[in-house]
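In what follows, a single structure is set out as structure tokens and then discussed.
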Amino acid sequence: MTNLSRLATLAALAAPLLLSACASGGGRTATTLYDFGPLPPATAAPAPTPLPALIVADVDGPPALDSERMQYRLLYADARQARPYAYNQWTSTPPQLLTQRIKARLAQAGVKVLTATDVGSGAPMLRLELDDFAQNFASATQSSGALTVRASLFRSHRLVDQRTFQRSSPAPSADAAGGAHALADASDALAADLLAWLATLPPQ
16 MTNLSRLATL AALAAPLLLS ACASGGGRTA TTLYDFGPLP PATAAPAPTP LPALIVADVD
76 GPPALDSERM QYRLLYADAR QARPYAYNQW TSTPPQLLTQ RIKARLAQAG VKVLTATDVG
136 SGAPMLRLEL DDFAQNFASA TQSSGALTVR ASLFRSHRLV DQRTFQRSSP APSADAAGGA
196 HALADASDAL AADLLAWLAT LPPQ
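First residue of the sequence shown: 16, per our numbering; consecutive thereafter.
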């Protein structure tokens, strides 16, 4: 075997080890953190305030989303497999990010947002369950941010109404930064859906 052949063989054997070290955090690549960014300004003609005051419980989610990892799915390869980005993370878990965004959006619309500790106020309570939150790749260059939330409104511990919302927004780039942008847009659209839904419910 020539020296050139030996070098090629050693490089082929070393490649999986290098990839493994990178995936396990053994490299020196810094982790980039993302959140939803600043709250966009309110629209010129905001929707009618659905409720004067509302208790908004923290968003619940499955164990797989109880992490700062940014996840994506390759729909064109295996849609059932959620994959984490190696060097990109959220600043907090998706349920926490969504809780903060929904509360901010409701307050921006004129709703007095209360916490679960204000249950004695007699205000209705909104509970949100996050079922899906990921960047989905339809191809290697095209992706979108998708989320699914089940919303339930309670008054005096009795269920008033329940609805499932799904939102998807295109990503401006096929990477983690694009996914963060798309999921922020999808979350804002979901907040608008919640406001419209709450406005249809009876006041008492």
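Every residue, glycine too, gets a C-beta built ideally from N, C-alpha and C. Owing to the predicted nature of the structure, the values given are computational and were not obtained by experimental measurement.
Query raised in the report: In three-state DSSP terms, what is Asp200?
Result: One-based indexing of the sequence shown puts residue 200 at position 185. Here Asp200 sits in helix by DSSP.
Requested in this report: Determine contact between the segment 195-202 and the segment 171-178, defined as no fewer than three beta-carbon pairs at a distance below 8 Å.
Outcome: no
**Report entry** Gln123 to Ala57 span [Cα, whole Å]
**Finding:** Counting from one through the sequence shown, the residue named residue 123 turns up at place 108. Counting from one through the sequence shown, the residue named residue 57 turns up at place 42. Distance between the alpha carbons of Gln123 and Ala57 is about 7 Å.
Query raised in the report: How big is the Cα-Cα spacing for Arg98 and Gln86?
Result: Along the sequence shown, one-based indexing puts residue 98 at 83. Along the sequence shown, one-based indexing puts residue 86 at 71. Going by the C-alpha atoms only, they are around 5 Å apart.
Query - Own chain partners of Thr189 with C-beta closer than 8 Å, once the 5 adjacent residues on each side are dropped - result: Taking the first residue of the sequence shown as position 1, residue 189 is located at position 174. One detail in the question is off: residue 189 reads as Ala in this sequence, not Thr. So the qualifying residues of the chain are Phe152, Ala155, Thr156, Gln157 and Ser158.
Query raised in the report: Which residues in the same chain have their Cβ closer than 7 Å to the Cβ of Gly193, if we skip the five residues on either side of it in sequence?
Result: Locating residue 193 in the sequence shown gives position 178, counting from the first residue. Once the five neighbours on either side are set aside, the close Cβ partners of Gly193 are Ser158, Ala186 and Pro187.
Query raised in the report: Helix, strand or coil: which one does DSSP assign to Gln177?
Result: Residue numbering aside, residue 177 sits at position 162 when the sequence shown is read from its first letter. DSSP, reduced to helix, strand and coil, places Gln177 within a strand of the structure shown.
**Report entry** Neighbour-count burial assignment, Ala131, 16 or more Cβ in a 10 Å radius
**Finding:** Residue numbering aside, residue 131 sits at position 116 when the sequence shown is read from its first letter. That one is exposed.
Requested in this report: Enumerate in chain order the residues of its own chain whose CB-to-CB distance from Thr179 is below 6 Å, with the five nearest sequence positions on each side excluded.
Outcome: By 1-based counting over the sequence shown, the position of residue 179 is 164. So the list reads Arg165, once near-sequence residues are dropped.
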